[in-house]
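Novice: Top line first, the protein sequences correspond to chains A and B.
Counted the way the working numbering counts, the first sequence spans residues 1032 to 1233.
Counted the way the working numbering counts, the second sequence spans residues 337 to 519.
Virtual Cβ for every residue (Gly too), placed ideally from N, Cα, C.
Predicted model only: the values in this text are computed from it and were never measured.
Would you mind keeping the following structure in view while I ask a few things?
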Amino acid sequence: MPKVKIKRKSTAIDMTAMCDVAFLLLTFFILTATARQPEPLPVDTPSSTVTIKLPDSDISMLTVGQGKVFFGVVGQDVRMRALERMAEEYKVTFTEEEKKRFALVESFGVPMANLKEYIALNGAERNNLNQPGIPTDSTNNELHQWILQARYATKELHGQELRFTIKGDSNEEYPTIRKVVDILQKQNINKFSLVTSLEGLN
Amino acid sequence: MAELDTSGGGGGKGKKVRSKKMSTRVDLTAMVDLAFLLITFFMLTTTLAKPQAMDMFMPDKDDEQKDELPVKASRTMTVLLGSDDKIVWYMGVMGSTAPTVDNFGKSGIRQAFIDNNKKVLAQTGDPKKGLMVILKPTDKSNYKNFVDLLDEIKIAGVPSYGIVNKIEPEELNLMKEQGAFKD
Chain A
1032 MPKVKIKRKS
1042 TAIDMTAMCD
1052 VAFLLLTFFI
1062 LTATARQPEP
1072 LPVDTPSSTV
1082 TIKLPDSDIS
1092 MLTVGQGKVF
1102 FGVVGQDVRM
1112 RALERMAEEY
1122 KVTFTEEEKK
1132 RFALVESFGV
1142 PMANLKEYIA
1152 LNGAERNNLN
1162 QPGIPTDSTN
1172 NELHQWILQA
1182 RYATKELHGQ
1192 ELRFTIKGDS
1202 NEEYPTIRKV
1212 VDILQKQNIN
1222 KFSLVTSLEG
1232 LN
Chain B
337 MAELDTSGGG
347 GGKGKKVRSK
357 KMSTRVDLTA
367 MVDLAFLLIT
377 FFMLTTTLAK
387 PQAMDMFMPD
397 KDDEQKDELP
407 VKASRTMTVL
417 LGSDDKIVWY
427 MGVMGSTAPT
437 VDNFGKSGIR
447 QAFIDNNKKV
457 LAQTGDPKKG
467 LMVILKPTDK
477 SNYKNFVDLL
487 DEIKIAGVPS
497 YGIVNKIEPE
507 ELNLMKEQGA
517 FKD
């Protein structure tokens, strides 16, 4: 009598389905991705229980930390237009190339006088640069101008009011925040948002 | 991982030489590896969570105060933010009620807000006229305390609040007395 042979099963698994899923997920992540930008001024935001999400467009972020204020506005077109308006205001001329480079800057904190040099730097150099923040003194209130010009630019391009958010560091002393709030209020902006991280209700 | 070729090679003599059929299956392991590596990369470099934001309203700064409604002093609760996470609050006009030194947290300022709101509502008997919190952050207070307090106001359901930046000297003295303000 012949021996009954047990059929050997192959150890290979069919990877096709797994491969399909993996690439589907990959496609999804690539399409939804917005690259994380390195922040020029890292801040630790205070936590709150509020869960209102910030809108994606027509917002400006004022980052406050270490006594410095950084300015940033969402949207490359708005940034470019704001820079053009600022250039007119401060009698500085920027080339098209410089404007394009500036449009990619998410947030910055250099005075107008040093802006040209700042734009010329490359990414790594910018990260290493210790930016002094935007001047907010009453004699040279550039932050006021930036806010004003960015509002004009948004209105021109999108027909929307620019919303302002303040991203402050937890340990920042209140007077610095008050200074920024005062600048906003001078332009009759009485409503703005404070960026917070999420905290459970306890 | 490559599939094992278990079939015997070649064959006996005299048999026809058959061309060996190649398997159509491709080993996908490496491809899957790569795909997952890329997925991991994209997941880590993207910001999934949008920042949360809290809305804040400031009173109009116009010098001419047109439509300001007078608020009864008994409805107001003044909260002074001091240094070292300390809070001092009093009801109504300063001096009329004893100030309380409080702390952040569930049983601290939040309870005070809830209790005072209830009291005021019982007093006025009008659900629209609840507590009015006047928030006064001093120069020594930090931003975190300020946000925390706004948060507590929201949690406690206080109907109205205002932020006032002007701090009276008496209030500063009061805070110094209570040890809530350090120069």
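#1: So is B:Phe377 buried or exposed if we call it buried at 16+ other beta carbons inside 10 Å?
#2: Please identify the residue among B:Thr382, B:Arg411, B:Ile503 whose C-alpha is closest to the C-alpha of B:Phe449.
#3: What residue does the alpha helix (DSSP H) around B:Ala389 start on, and which one ends it?
#4: Taking the alpha-carbon positions, what's the B:Ala371 to B:Lys480 distance?
#5: Can you tell me whether A:Glu1238 is helix, strand or coil according to DSSP?
#6: What residues in the region 1202-1225 of chain A bring their beta carbon closer than 9 Å to a beta carbon of chain B?
#7: How about B:Gln388: is its Cβ closer than 7 Å to a heavy atom in the ligand SAM?
#8: In chain A, which residues lie less than 7 Å from B:Leu485 when you measure between Cβ atoms?
#9: Run down chain B in chain order and give the residues with a C-beta less than 9 Å from the C-beta of A:Ile1254.
#10: What's the gap between the Cα of A:Glu1156 and the Cα of B:Leu508?
#11: Taking C-beta to C-beta, are B:Val456 and B:Leu471 nearer than 8 Å?
#12: Could you work out which residues of chain A lie near B:Ala389, taking near to mean beta carbons separated by less than 8 Å?
#13: According to DSSP, simplified to helix, strand and coil, what is B:Asn439?
#14: Which runs of the alpha helix (DSSP H) at least 4 residues long sit entirely within the region 1050-1091 of chain A? Give them in chain order.
#15: Which residues in the same chain have their Cβ closer than 8 Å to the Cβ of B:Met430, if we skip the five residues on either side of it in sequence?
#16: Against chain B, does A:Thr1047 count as a neighbour if the rule is that its beta carbon must be under 8 Å from one of theirs?
#17: Quick one: list the residues of chain B neighbouring A:Ala1053, beta-carbon separation under 7 Å, in chain order.
#18: For the beta strand (DSSP E) holding B:Pro473, just list the boundary residues, first then last.
#19: Taking B:Met394 as the reference, which of A:Thr1227, A:His1175, A:Phe1125, A:Ile1220 has the closest Cα?
#20: Given that A:Asp1200 touches chain B, what residues does it touch there, using C-beta distances under 7 Å?
#21: For the putative contact between B:Thr382 and A:Phe1060, defined by C-beta atoms under 8 Å, what is the C-beta separation to the nearest angstrom?
#22: Can you pull the chain B residues whose beta carbon is under 8 Å from the beta carbon of A:Leu1057, in chain order?
#23: Go ahead and label B:Leu485 buried or exposed: buried means 16 or more other beta carbons lie within 10 angstroms of its beta carbon, across all protein chains shown.
#24: Please go through the region 1102-1136 of chain A and give each complete beta strand (DSSP E) segment of 3 or more residues, from N-terminal end onward.
#25: Does the CB of B:Asp475 have a neighbour CB from chain A at under 8 Å?
#26: Determine the closest residue to A:Lys1130 out of A:Glu1115, A:Glu1120, A:Val1141, A:Ile1178, with distance taken between C-alpha atoms.
#27: Give me the Cα-Cα distance between A:Gln1107 and B:Ala458, rounded to the nearest whole angstrom.
#28: Pick helix, strand or coil for B:Thr412, following the three-state DSSP scheme.
#29: CB B:Gly418 to CB B:Ser477, shorter than 8 Å?
#30: Alpha helix (DSSP H) containing A:Lys1222: first to last residue?
#31: When you compare the CB of B:Thr365 with every CB in chain A, is at least one pair closer than 8 Å?
#32: Give the interface partners of B:Asn501 over in chain A, defined as CB-CB distance under 7 Å, in chain order.
#33: What residue range is occupied by the uninterrupted beta strand (DSSP E) comprising A:Thr1196?
#34: Judging by CA-CA distance, which residue of A:Val1105, A:Pro1071, A:Pro1086, A:Glu1120 is the nearest neighbour of A:Gly1096?
#35: Just confirm the distance between the C-beta atoms of A:Thr1076 and A:Ser1228, as a whole number of angstroms; I'd bet it's less than 8 Å.
#36: Measure the beta-carbon distance from B:Asp391 to A:Ile1083 and round it to whole angstroms, keeping in mind my assumption that it falls under 8 Å.
Specialist: To lay it out plainly:
#1: As a working note, residue 377 of chain B is residue 41 in the second sequence. Around the beta carbon of B:Phe377, fewer than 16 other beta carbons sit within 10 angstroms, so the residue counts as exposed.
#2: To locate residue 449 of chain B, count along the second sequence from 1; it is residue 113. Here the closest residue by C-alpha is B:Arg411.
#3: Position 53 of the second sequence, counted from the start, is the residue given in the question as residue 389 of chain B. Counting along the chain, B:Ala389 falls outside any alpha helix (DSSP H), though it belongs to the beta strand (DSSP E) covering 388-393.
#4: By one-based count along the second sequence, residue 371 of chain B stands at place 35. By one-based count along the second sequence, residue 480 of chain B stands at place 144. When rounded, the distance between both Cα atoms is 43 Å.
#5: Nothing can be reported for residue 1238 of chain A, as the shown portion of chain A is limited to 1032 through 1233.
#6: Here the close residues are Asn1202, Glu1203, Glu1204, Tyr1205, Pro1206, Thr1207, Ile1208, Arg1209, Val1212, Asp1213, Leu1215, Gln1216, Lys1217, Asn1219, Ile1220, Asn1221, Lys1222, Phe1223, Ser1224, Leu1225.
#7: The ligand SAM is absent from the structure shown, which contains no ligands of any kind.
#8: One-based indexing of the second sequence puts residue 485 of chain B at position 149. Those do not exist, as B:Leu485 stays about 10 Å from chain A at its closest Cβ, beyond 7 Å.
#9: Any question about residue 1254 of chain A goes unanswered here, given that chain A covers just 1032 to 1233.
#10: The residue you call residue 1156 of chain A lines up with position 125 of the first sequence. The residue you call residue 508 of chain B lines up with position 172 of the second sequence. Cα to Cα, A:Glu1156 sits roughly 46 Å from B:Leu508.
#11: On the second sequence, position 120 is the one that residue 456 of chain B refers to. On the second sequence, position 135 is the one that residue 471 of chain B refers to. No, the Cβ-Cβ distance between B:Val456 and B:Leu471 is not below 8 Å.
#12: The sequence position of residue 389 of chain B within the second sequence is 53, counting from 1. What B:Ala389 touches in chain A: Val1081, Ile1083, Lys1084, Leu1085, Thr1196, Ser1224, Leu1225, Val1226, Thr1227.
#13: Numbered from 1 along the second sequence, position 103 holds the residue referred to as residue 439 of chain B. It is coil, neither helix nor strand.
#14: Whole alpha helix (DSSP H) segments, 4+ residues: zero.
#15: The residue you call residue 430 of chain B lines up with position 94 of the second sequence. Result list for B:Met430: Thr414, Glu504, Glu506, Glu507, Leu510, in chain order.
#16: Here residue 1047 of chain A is taken as the residue at index 16 of the first sequence, counted from 1. Closer than 8 Å to the CB of A:Thr1047 there is at least one CB belonging to chain B.
#17: Taking the first sequence and counting its residues from 1, one reaches residue 1053 of chain A at position 22. Going along chain B in sequence order, the residues near A:Ala1053 (Cβ under 7 Å) are Val368, Ala371, Phe372, Ile375.
#18: The residue given as residue 473 of chain B occupies position 137 in the second sequence. B:Pro473 -> beta strand (DSSP E) spans 468-473.
#19: Here residue 394 of chain B corresponds to residue number 58 of the second sequence, with the count starting at 1. Comparing Cα positions, the closest option is A:Ile1220.
#20: Walking along the first sequence from the start, residue 1200 of chain A turns up at place 169. Listed along chain B, the residues sitting closer than 7 Å to A:Asp1200 by beta-carbon distance are Tyr479.
#21: Translated into the one-based positions of the second sequence, residue 382 of chain B becomes position 46. Translated into the one-based positions of the first sequence, residue 1060 of chain A becomes position 29. With 8 Å as the limit, B:Thr382 and A:Phe1060 qualify as a contact, their Cβ atoms being about 7 Å apart.
#22: Taking the first residue of the first sequence as position 1, residue 1057 of chain A is located at position 26. Chain-order list of chain B residues neighbouring A:Leu1057: Ala371, Leu374, Ile375, Phe378, by C-beta distance under 8 Å.
#23: Translated into the one-based positions of the second sequence, residue 485 of chain B becomes position 149. Classification of B:Leu485: buried, given that the 10 Å Cβ count is 16 or more.
#24: Runs found: none.
#25: Here residue 475 of chain B refers to the residue found at position 139 of the second sequence. For B:Asp475, the answer is yes, since a Cβ of chain A falls inside 8 Å of its Cβ.
#26: Position 99 of the first sequence, counted from the start, is the residue given in the question as residue 1130 of chain A. Of A:Glu1115, A:Glu1120, A:Val1141, A:Ile1178, the residue nearest in Cα terms is A:Glu1115.
#27: The residue given as residue 1107 of chain A occupies position 76 in the first sequence. The residue given as residue 458 of chain B occupies position 122 in the second sequence. Computed Cα separation, rounded: 54 Å.
#28: Counting from one through the second sequence, the residue named residue 412 of chain B turns up at place 76. Correct three-state label for B:Thr412: strand.
#29: Locating residue 418 of chain B in the second sequence gives position 82, where the first residue counts as 1. Locating residue 477 of chain B in the second sequence gives position 141, where the first residue counts as 1. Yes; because the gap between Cβ atoms is below 8 Å, this pair is in contact.
#30: Taking the first residue of the first sequence as 1, we reach residue 1222 of chain A at position 191. Going by DSSP, A:Lys1222 is part of no alpha helix (DSSP H) but of the beta strand (DSSP E) stretching over 1222-1229.
#31: Along the second sequence, one-based indexing puts residue 365 of chain B at 29. B:Thr365 counts as touching chain A.
#32: Residue numbering aside, residue 501 of chain B sits at position 165 when the second sequence is read from its first letter. Below the 7 Å Cβ cutoff, chain A contributes Arg1209 as neighbours of B:Asn501, in chain order.
#33: Within the first sequence, numbered from 1, the residue matching residue 1196 of chain A stands at position 165. In the DSSP annotation of this structure, the continuous segment of the beta strand (DSSP E) that includes A:Thr1196 starts and ends at 1194-1199.
#34: One-based indexing of the first sequence puts residue 1096 of chain A at position 65. Comparing Cα positions, the closest option is A:Pro1071.
#35: Stepping through the first sequence from its first residue, residue 1076 of chain A is reached at position 45. Stepping through the first sequence from its first residue, residue 1228 of chain A is reached at position 197. With 8 Å as the limit, A:Thr1076 and A:Ser1228 qualify as a contact, their Cβ atoms being about 5 Å apart.
#36: Against the second sequence, residue 391 of chain B aligns to sequence position 55. Against the first sequence, residue 1083 of chain A aligns to sequence position 52. Correct: roughly 7 Å between the Cβ atoms.
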